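Protein chains in written order, with the UniProt record's numbering: chain L, 1 to 378; chain P, 1 to 378; chain V, 1 to 378; chain Z, 1 to 378.
Data first, discussion second: the structure below is written as structure tokens.
Protein chains: 4
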Amino acid sequence: MTAKRKPKVGIGLVGSGFMGRCHANAFRSVAGLFDVAAEPELRVLADATDDLAARAAATLGFARGTGDWNELVDADDVDIVAITAPNVLHAPIANAAAAAGKTVYCEKPLSTTAEAALEMTRAAEAAGVVTLVGFNFLRNPMIRLAREIIDSGEIGEVTGFRGRHAENYMADPDAPHSFRTDPQGGGALADIGSHIISMARFLLGPIDEVQGECRTLHATRPAEPGSHERLPVEVDDMTHALVRFASGVSGSLEANWAATGRTMDLSWEITGTRGALAFSQEAMNELLLYSNAPGRRGFTRIEAGPAHPPYGRFCPAPGHHLGFNDLKVIEVADLLTAHAGGPAVGPDFREAYEVQRTVEAIQSSSATRRWVSLRPGP
Amino acid sequence: MTAKRKPKVGIGLVGSGFMGRCHANAFRSVAGLFDVAAEPELRVLADATDDLAARAAATLGFARGTGDWNELVDADDVDIVAITAPNVLHAPIANAAAAAGKTVYCEKPLSTTAEAALEMTRAAEAAGVVTLVGFNFLRNPMIRLAREIIDSGEIGEVTGFRGRHAENYMADPDAPHSFRTDPQGGGALADIGSHIISMARFLLGPIDEVQGECRTLHATRPAEPGSHERLPVEVDDMTHALVRFASGVSGSLEANWAATGRTMDLSWEITGTRGALAFSQEAMNELLLYSNAPGRRGFTRIEAGPAHPPYGRFCPAPGHHLGFNDLKVIEVADLLTAHAGGPAVGPDFREAYEVQRTVEAIQSSSATRRWVSLRPGP
Amino acid sequence: MTAKRKPKVGIGLVGSGFMGRCHANAFRSVAGLFDVAAEPELRVLADATDDLAARAAATLGFARGTGDWNELVDADDVDIVAITAPNVLHAPIANAAAAAGKTVYCEKPLSTTAEAALEMTRAAEAAGVVTLVGFNFLRNPMIRLAREIIDSGEIGEVTGFRGRHAENYMADPDAPHSFRTDPQGGGALADIGSHIISMARFLLGPIDEVQGECRTLHATRPAEPGSHERLPVEVDDMTHALVRFASGVSGSLEANWAATGRTMDLSWEITGTRGALAFSQEAMNELLLYSNAPGRRGFTRIEAGPAHPPYGRFCPAPGHHLGFNDLKVIEVADLLTAHAGGPAVGPDFREAYEVQRTVEAIQSSSATRRWVSLRPGP
Amino acid sequence: MTAKRKPKVGIGLVGSGFMGRCHANAFRSVAGLFDVAAEPELRVLADATDDLAARAAATLGFARGTGDWNELVDADDVDIVAITAPNVLHAPIANAAAAAGKTVYCEKPLSTTAEAALEMTRAAEAAGVVTLVGFNFLRNPMIRLAREIIDSGEIGEVTGFRGRHAENYMADPDAPHSFRTDPQGGGALADIGSHIISMARFLLGPIDEVQGECRTLHATRPAEPGSHERLPVEVDDMTHALVRFASGVSGSLEANWAATGRTMDLSWEITGTRGALAFSQEAMNELLLYSNAPGRRGFTRIEAGPAHPPYGRFCPAPGHHLGFNDLKVIEVADLLTAHAGGPAVGPDFREAYEVQRTVEAIQSSSATRRWVSLRPGP
Ligand SMILES: NC(=O)C1=CN([C@@H]2O[C@H](COP(=O)(O)OP(=O)(O)OC[C@H]3O[C@@H](n4cnc5c(N)ncnc54)[C@H](O)[C@@H]3O)[C@@H](O)[C@H]2O)C=CC1
Ligand SMILES: NC(=O)C1=CN([C@@H]2O[C@H](COP(=O)(O)OP(=O)(O)OC[C@H]3O[C@@H](n4cnc5c(N)ncnc54)[C@H](O)[C@@H]3O)[C@@H](O)[C@H]2O)C=CC1
Ligand SMILES: NC(=O)C1=CN([C@@H]2O[C@H](COP(=O)(O)OP(=O)(O)OC[C@H]3O[C@@H](n4cnc5c(N)ncnc54)[C@H](O)[C@@H]3O)[C@@H](O)[C@H]2O)C=CC1
Ligand SMILES: NC(=O)C1=CN([C@@H]2O[C@H](COP(=O)(O)OP(=O)(O)OC[C@H]3O[C@@H](n4cnc5c(N)ncnc54)[C@H](O)[C@@H]3O)[C@@H](O)[C@H]2O)C=CC1
């Protein structure tokens with residue numbers, strides 16, 4: 001008995017590196033796990049050259065490859081343009097895709113400057129296309145649970161925040177330059193600080209004022225992998241900042257890609273008048289909840305399980321652990337819902353622009369050594 | 001530029017429950033992550049009825065469904081038969097598949113009795129087909145690392161073992177009967193004890209002698225989900241056992257599906273004369289290593305990363321966490337390698353038979369209250 | 001204004017090694033922390049020779065020293081005899097002290113054989129003296145809390161137990177012989193296994209049946225510290241056992257002094273039909289409680305604090321951590337209460353005899369490879 | 001044989017609350033654990049009234065009590081004046097004690113203002129007396145180990161710092177006013193922030209520049225315990241700050257006494273170019289060390305043991321856990337060494353003044369919203 005096949009939605013992917021592979025995997029998996037409106041079909045992969053693209057297409061299972069992303073954007077059979085190319089390419093590709101009426105799914109940070117990000121936002125809004133930006137850590141069921149707990153008032157009024165995204169991939173002074181160290185949109189704060197900023201905003205709302213210090217720990221780095229030529233570094237390796245949310249809550253955050261010993265410490269603690277929450281991506285399948293309610297006080301380690309959607313999509317039994325790539329599958333499921341006209345869960349381009357604006361405000365506060373306000377002007 | 005497509009290998013899947021979905025996902029994902037010889041194509045899904053099968057095929061992305069697994073086994077376009085049906089069906093399906101010359105990929109426990117498992121083993125060996133049994137936890141890069149560390153002598157001579165697989169899915173006395181409580185092949189020891197036994201064997205070699213106690217904690221359970229009729233339980237909810245390995249090492253193990261509070265405590269500690277190792281599936285992305293070597297003593301928490309193959313297939317950065325479903329993807333990648341004539345990494349049917357023999361020896365020791373030997377006869 | 005001094009109680013201490021120092025410290029501290037009926041005065045210290053005793057008395061603050069413990073036992077100004085000498089001396093000293101009408105405070109294990117322990121028990125009971133045995137880990141406020149939680153039914157009916165006392169102080173094959181390896185009363189099971197047995201009994205009541213395996217991991221050890229002569233080892237380095245409590249609960253326990261990597265893993269997990277408890281002395285200031293009660297499931301890490309008596313005697317603020325020596329202070333406070341006619345909280349000699357009987361039953365089950373019953377005869 | 005008694009040193013203690021009891025216990029214990037030059041004799045206890053003092057003297061074992069601390073300071077038989085009275089009394093008592101030529105042992109914070117602390121420092125230096133301030137957390141063997149590791153270069157050049165002292169004892173808006181909320185010297189930053197500042201200085205040297213935000217979370221508090229009258233709060237409940245050390249290292253710190261869920265999170269993480277260290281007082285018996293050295297990367301959990309002096313003074317076996325009160329015993333042992341003319345390990349009054357200056361700089365930066373320099377003037 002031939003199975004009824006779902007309708008198809010055509011995927012075009014630009015880039016096939018770290019994130020490219022991760023997107024491709026998510027598009028392959030999603031329809032077997034989620035009840036999607038349409039099943040992704042991997043149609044076009046664009047990379048820097050035709051050759052690279054052809055090989056990547058074969059590896060990742062795309063029907064064809066191209067060395068020119070314009071071709072991908074213009075292809076009739078591409079409905080969703082996924083952008084996992086270096087940051088500097090996000091704006092031109094996204095703008096072209098929006099103009100072509102495509103759903104645009106772009107990796108973070110949205111662009112290299114807040115100004116460019118705002119332009120992208122306006123272009124997409126004008127075109128009326130669906131947008132989604134790859135802040136995948138927000139997809140964790142434990143983060144959704146945290147948000148619900150906060151919104152419900154279960155921990156009382158929020159009193160403080162302490163957050164961080166610390167990794168060590170640039171701790172080695174001989175880690176070379178790349179698009180990540182490009183003064184346009186690079187540095188630890190833009191690269192991974194954007195994750196903790198987006199999460200802070202998701203959980204506690206807009207940030208109003210910042211005062212940070214951006215530090216370059218290694219003054220020079222090899223020009224290329226393995227090269228002997230060393231070029232100066234103009235971006236931060238580590239940033240510490242004070243933040244004040246529009247709600248009045250204050251706290252601190254850190255972005256650090258030279259945090260020796262840490263590989264994925266995207267972590268935070270939120271205190272309230274009646275309870276507290278703590279999370280680290282190093283233990284991504286649990287959320288710590290402290291409650292002052294009558295009873296035995298202490299942090300309860302809530303383990304991810306089917307009680308925390310969409311965990312059950314992956315496994316009917318608790319404790320079986322989602323992994324990093326699963327977060328991207330959830331993101332893609334949400335993307336397909338929005339693409340099909342369902343609720344757009346975000347973060348969309350506008351939200352990603354706000355994150356980028358926050359990054360730049362911290363950078364500017366570091367330069368001027370003053371608090372910088374992010375409040376919307378009059 | 002059209003991408004060069006890989007050759008295809010036809011997949012037939014029997015069952016579409018917990019494990020069926022997990023297998024399907026692994027077959028969908030694997031070719032985008034691993035450099036497989038042939039790309040799986042989801043061709044036939046068999047379930048209890050035509051209707052169930054048709055719906056599952058549509059959901060999971062199989063080309064067609066059937067209510068008769070014989071049809072699947074006989075299908076010319078099915079190269080690999082994956083069995084995720086209840087235990088009692090493993091033998092007939094596997095034997096038929098082997099007779100048809102198919103690669104047989106069967107969920108654990110291999111069968112309902114050691115005798116049946118031995119017959120399956122002989123049938124498959126006679127047919128000369130590739131077999132693989134779904135002890136997916138062995139695929140964890142951290143478990144491979146543990147095995148390497150033990151084999152290298154880094155922790156000295158092994159002196160002790162303490163292992164456990166504890167979950168809580170049957171802790172509730174109102175959790176109903178299912179194939180898991182069938183006296184043929186059911187019970188905590190057969191269901192999940194088989195995982196810790198297979199892991200113990202993988203790490204430390206054959207178990208020679210056992211003395212266990214199998215306990216039924218809840219004397220009756222509902223006949224069906226939600227039913228008021230209660231039927232007696234004839235299988236164990238919790239088993240504790242003493243074990244002695246052929247190497248002379250001794251220790252203990254536990255199988256427990258009524259371990260309130262535990263959802264995935266497949267854990268062990270192995271001590272040696274110069275070091276020790278500890279692992280729990282609750283923290284599946286880390287391995288604890290203690291070394292007596294000169295320096296600062298203490299357990300080092302080694303985090304999974306690209307240094308531990310095949311982690312890098314999923315992510316180029318350490319600390320990003322594999323999840324439970326990723327283990328199945330690795331298993332399927334190994335299966336495809338063996339199917340294509342590459343090295344068979346096991347565990348094959350024979351190994352799974354040995355696991356089952358160990359399960360039965362423990363059950364028998366509990367009944368006779370004597371140590372039971374597993375040593376091969378003269 | 002001269003302070004009203006408390007009445008004094010005279011202390012005699014036999015032995016000044018590891019435990020001798022610990023007892024002395026507890027006697028010095030207790031009156032400033034607890035509201036004791038009488039303040040301990042350190043009067044006589046006995047050691048192996050006059051010289052050793054004199055030096056230890058000066059170091060630990062005793063008024064005088066003696067090389068003959070009989071003198072201490074007979075001294076009129078000694079009210080409480082504390083025994084921290086090697087195990088073989090416990091019986092003669094305790095019996096003499098009881099005969100002299102003194103309160104007897106003896107280190108564990110009570111004696112070298114269950115038979116001797118029973119004689120000591122009878123002698124003390126006949127003399128009507130207060131006895132207390134140094135199972136200090138029972139004094140932990142978290143252990144009292146665990147007992148209360150179990151007794152209250154908060155975790156439902158107890159279904160399973162898994163316990164262990166694992167350290168590594170004899171892991172090195174060159175760790176020499178000492179009283180700890182004396183076939184009379186020595187070995188890992190008697191030395192530290194007695195701690196987890198006493199705790200299991202404290203929490204869950206008498207153990208009824210056992211089946212264990214005692215293993216000697218290192219066949220010979222140096223005769224003396226540093227000596228080249230090696231003598232055979234007749235005691236166990238590691239014992240694993242199955243246990244069944246009189247209540248019907250079953251489980252396992254381990255005693256291991258060759259557990260590379262572990263320094264104080266006196267730990268257990270107790271599951272019930274409605275909750276679970278877990279504890280390890282490695283994190284002695286916390287108790288993990290899992291509750292099935294409506295709400296957010298997960299283990300709650302309860303931290304020791306003033307809510308858990310007698311923590312508040314040491315510190316008015318939670319989270320400030322008691323240490324190992326503080327447990328001895330609590331033990332001594334309880335001793336002084338009993339000595340002054342207050343409630344005797346135990347464990348007294350009879351309880352310690354029961355622990356020793358359990359040790360011997362496990363040893364005997366290992367020799368005969370049969371389950372051994374501990375049930376009182378008809 | 002009468003034991004040779006050590007010479008005595010006379011102790012006068014002002015205050016008998018939380019810290020008073022802790023000091024008294026340390027003075028009682030120290031001579032049985034450490035090889036001290038002279039044994040403390042508890043001679044005079046001063047409290048707010050004669051009556052309070054008499055009762056506290058009896059409880060804590062002092063020979064006499066007095067309602068007038070001047071009497072204590074002037075007493076011929078008092079050699080060391082220990083100050084555990086409210087902060088506002090530190091200066092007058094310490095200055096009088098110094099003038100009387102006594103060794104002065106004062107609780108933190110040294111005084112209510114940096115100015116007063118500087119005067120105290122000058123008075124003590126002019127008098128040439130030994131001073132010590134009760135930053136007891138520095139006494140932890142794990143902290144000494146951390147300092148050694150940093151100084152040895154084992155973790156390379158230090159690149160970042162992230163520290164915190166968070167507790168929850170003022171999280172409740174109904175926690176009343178006390179000397180801790182006195183605008184003179186009160187607030188979370190002065191009260192407990194001083195601990196993390198002293199530790200940061202101990203580990204990484206002077207702090208050069210700060211920018212903080214001090215927040216009052218609860219605008220009013222009851223005037224007295226249980227009172228209905230509520231008075232405004234003028235001190236901070238929570239402070240977040242950016243810090244830059246004289247060495248060039250930068251980072252952040254937090255002081256928070258309203259951190260729901262935290263009872264003793266005095267914690268920090270220090271990253272270096274070749275390794276990292278992490279510590280929390282919540283797990284005070286361990287230090288986490290990450291090393292980039294060839295081998296298996298990961299944080300190693302070093303457990304406190306005899307290898308880390310003066311742990312062995314308390315226990316010959318590793319893993320047996322020191323407690324909070326033991327830190328005070330170590331502090332007192334160091335005090336007695338300095339009093340007897342041995343090396344003064346500090347922190348002395350001058351160091352405590354520097355801590356207080358840092359506290360005030362952060363407060364001032366919060367008021368002016370500018371970075372504040374702590375560099376010594378030209
Ligand atoms: N959400 C997350 O957790 C993560 C997001 N990212 C983001 O993903 C994006 C890509 O980062 P990675 O995958 O790590 O980089 P990568 O360097 O691994 O991959 C970049 C890919 O873009 C391709 N590319 C370069 N120029 C191109 C062009 N002109 N046309 C088409 N393709 C071109 C490269 O050949 C390569 O395949 C970045 O924006 C980054 O910030 C990266 C890692 C994690
Ligand atoms: N490796 C692992 O970690 C796990 C392995 N398992 C194993 O997987 C197997 C299946 O278990 P679950 O998926 O949990 O069970 P399940 O009850 O969720 O799924 C069983 C599937 O088999 C189908 N089925 C029943 N009768 C059939 C028939 N006559 N023909 C074809 N299909 C039939 C059912 O309709 C259902 O789709 C078992 O052997 C179990 O031990 C289960 C869970 C985890
Ligand atoms: N409760 C607990 O946690 C612990 C209990 N213990 C128990 O404490 C007892 C002593 O053990 P340790 O202190 O570790 O031993 P140790 O070897 O450190 O000290 C034994 C002391 O007894 C003295 N001694 C030997 N012969 C003597 C004699 N004829 N008269 C008087 N004194 C004599 C020795 O000189 C030494 O001072 C043992 O029964 C042991 O099982 C030991 C360690 C921990
Ligand atoms: N090092 C540490 O970890 C800690 C240090 N402290 C410090 O210790 C000091 C005392 O704090 P707590 O013991 O918590 O306070 P507390 O309120 O518990 O005790 C204060 C004591 O001073 C007495 N006192 C008040 N007026 C007096 C007077 N005129 N003359 C003599 N005694 C008088 C009180 O009666 C009471 O006995 C403070 O400086 C505090 O910052 C407090 C707690 C922890």
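Positions of the beta carbon are idealized from the N, C-alpha and C atoms, including for glycine.
Just so it is clear, the structure is predicted and the values come from calculations on it, not from any experiment.
- For Z:M19, the shortest separation between its Cβ and any heavy atom of ligand 4 lies below 7 Å.
- For the alpha helix (DSSP H) assignment, the uninterrupted runs of no fewer than 4 residues enclosed by the segment 299-346 of chain L are, from N- to C-terminal side, 324-339.
- L:F245: not part of any alpha helix (DSSP H); member of the beta strand (DSSP E) spanning M238 to F245, first to last residue.
- Counting only Cβ-Cβ distances below 8 Å, P:T59 has no contacts in chain Z at all, with the closest Cβ about 41 Å away.
- Taking Z:R139 as the centre and dropping the five residues before and after it, the same chain places the C-beta of L327, I330 and E331 closer than 6 Å to its C-beta, in chain order.
- Of the candidates V:D51, V:V78 and V:T84, the residue whose Cα lies closest to the Cα of V:G17 is V:T84.
- Within 9 Å of the CB of L:L145, no CB atom of chain Z is found; the nearest one sits about 17 Å away.
- For the segment 266-279 of chain P, the beta-carbon criterion of a distance under 8 Å to any beta-carbon of chain Z is satisfied by none of its residues.
- Using a Cβ distance threshold of 8 Å, L:A317 and L:T260 do not count as a contacting pair.
- For L:P92, the enclosing alpha helix (DSSP H) covers residues N87 to A99.
- Taking 8 Å as the upper bound for CB-CB distance, Z:N25 and V:G319 are not in contact here, some 18 Å apart.
- Contact annotation: the segment 146-164 of chain V touches the segment 198-208 of chain V, with at least three C-beta pairs closer than 8 Å.
- Segment contact: the segment 205-214 of chain P against the segment 243-255 of chain P, three or more CB-CB distances shorter than 8 Å; contact assigned.
- In the DSSP assignment, Z:P141 falls within the alpha helix (DSSP H) that extends over P141 to D151.
- Looking at the DSSP output, Z:N256 bridges to Z:A166 and Z:M238.
- When C-beta distances to chain L are compared with 8 Å, the residues of the segment 1-12 of chain P below that value are M1, T2, A3, K4, R5 and K6, in chain order.
- In this structure, L:L288 sits away from L:Y105, with a CB-CB distance that is not shorter than 8 Å.
- Taking the C-beta atoms as reference points, P:H308 is found no nearer than 8 Å to P:M199.
- For a cut-off of 8 Å, the C-beta gap from Z:F179 to Z:N256 is around 19 Å, too long to register as a contact.
- Distance from the C-beta of Z:T300 to the nearest heavy atom of ligand 2 is not below 7 Å.
- For Z:L217, the nearest CB of chain L lies under 8 Å from its own CB, placing it at the interface with that chain.
- Judged by DSSP in its simplified three-state form, P:R375 adopts coil rather than helix or strand.
- Distance from the Cα of P:A258 is smallest, within the candidate group P:A96, P:D77, P:E234 and P:H218, for P:H218.
- When Cβ pairs closer than 8 Å are counted between the two stretches, the segment 121-128 of chain V is seen not to touch the segment 261-279 of chain V, the count staying below three.
- The C-alpha of P:R350 lies about 25 Å from the C-alpha of P:H240.
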